[in-house]
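Beneath this line is the structure, given in structure tokens, with notes to follow.
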Amino acid sequence: DIVMTQAPLSVSVTPGESASISCRSSKSLLHSNGITYVYWYLQKPGKSPQLLIYRMSNLASGVPDRFSGSGSETDFTLKISRVEAEDVGIYYCGQLLENPLTFGSGTKLEIK
Amino acid sequence: QVQLQQSGAELVKPGTSVKLSCKASGYTFTSNHMNWIKQTTGQGLEWIGIINPGSGGTSYNVKFKGKATLTVDKSSSTAFMQLSSLTPEDSAVYYCARRYLDYWGQGVMVTVSS
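Quick note, the sequences are listed as chains X and C, same order.
Positions 17 to 128 (this note's numbering) are the ones given, in order, by the first sequence.
Positions 873 to 986 (this note's numbering) are the ones given, in order, by the second sequence.
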């Protein structure tokens, strides 16, 4: 199985500042079709996870452009610019390249 | 709009089975595979398996083979997951989610306790 390793476990951010979350996969997530199958999700308190970024760098519908994704074949970053109070929750990276789908252990974002 | 409506919370006894449902609306049910995912505090998010509603074809995480059985009812646009031989370790929140996890159900809490 592909192992997804996230860091940090938690991050505390002042509103208006930026935050970055890292994710590393144990195997390249670059498919032969040129698509990198890493996805980012946010789980707000008491809610289901919601899709933020798909295929490494594409913003999901309705997601503010303060969120962005980047990376290589095995190292990925989610950046949140101008953090707002509504961004609190747990962020997960996930790989959808192959079954079984696997996820990072999550990064908890808190507001200072 | 796309919606996945899951059935309500379950309190079940060890050794029994439970069948969870996920009713899809707002899109063509047979055009999108359906995943099932387990969430616990200790293990985080675990992928259980996926079903193709059009063909009924399934793929399971080896860890959940024999534990979970995925089915669909095309006439009602509903996906089902049966969990068998339940133990306290099966206590969790279970989600259904479309193929690329772009839409998720609200989750259902299953508690296994005598």
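C-beta: ideal position from N, C-alpha, C; glycine also.
| Check | Outcome |
| --- | --- |
| 8 Å Cβ cutoff, residue 880 of chain C in contact with chain X | no |
| Residue span of the beta strand (DSSP E) that contains residue 17 of chain X, given as start and end | That residue, residue 17 of chain X, is in no beta strand (DSSP E); it is neither H nor E in DSSP. |
| 8 Å Cβ cut-off: residues of chain B touching residue 976 of chain C | The displayed structure is made up of protein chains X and C, and chain B is not among them. |
| Beta-carbon proximity check, residue 980 of chain C vs residue 892 of chain C, cutoff 8 Å | yes |
| Members of the stretch 100-119 of chain X that neighbour chain C once the beta carbon cut-off is set at 8 Å | 108, 110, 112, 115, 116, 117, 118 and 119 |
| Between the CA atoms of residue 69 of chain X and residue 38 of chain X - distance to the nearest angstrom | 14 Å |
| CA-to-CA distance, residue 969 of chain C to residue 909 of chain C, given in whole angstroms | 8 Å |
| Residue 57 of chain X, enclosing beta strand (DSSP E) - first and last residue | 54-59 |
| Residue 81 of chain X, DSSP secondary structure in three states | coil |
| Backbone secondary structure at residue 902 of chain C - three-state DSSP | helix |
| Within 7 Å of chain X by C-beta, residues of the stretch 927-938 of chain C in sequence order | 931 and 933 |
| Chain X contact residues for residue 919 of chain C, given Cβ-Cβ distances below 9 Å | 110, 115, 116, 117, 118 and 119 |
| Beta-carbon neighbours of residue 898 of chain C, restricted to chain X and to distances below 8 Å | By Cβ distance, chain X contributes nothing, its closest Cβ being about 13 Å from residue 898 of chain C, past 8 Å. |
| Residue-chain proximity (residue 23 of chain X, chain C), Cβ-Cβ < 8 Å | no |
| Residue 951 of chain C versus residue 54 of chain X: straight-line alpha-carbon distance, rounded | 26 Å |
| Rounded straight-line distance, which links the Cα of residue 93 of chain X to that of residue 28 of chain X | 17 Å |
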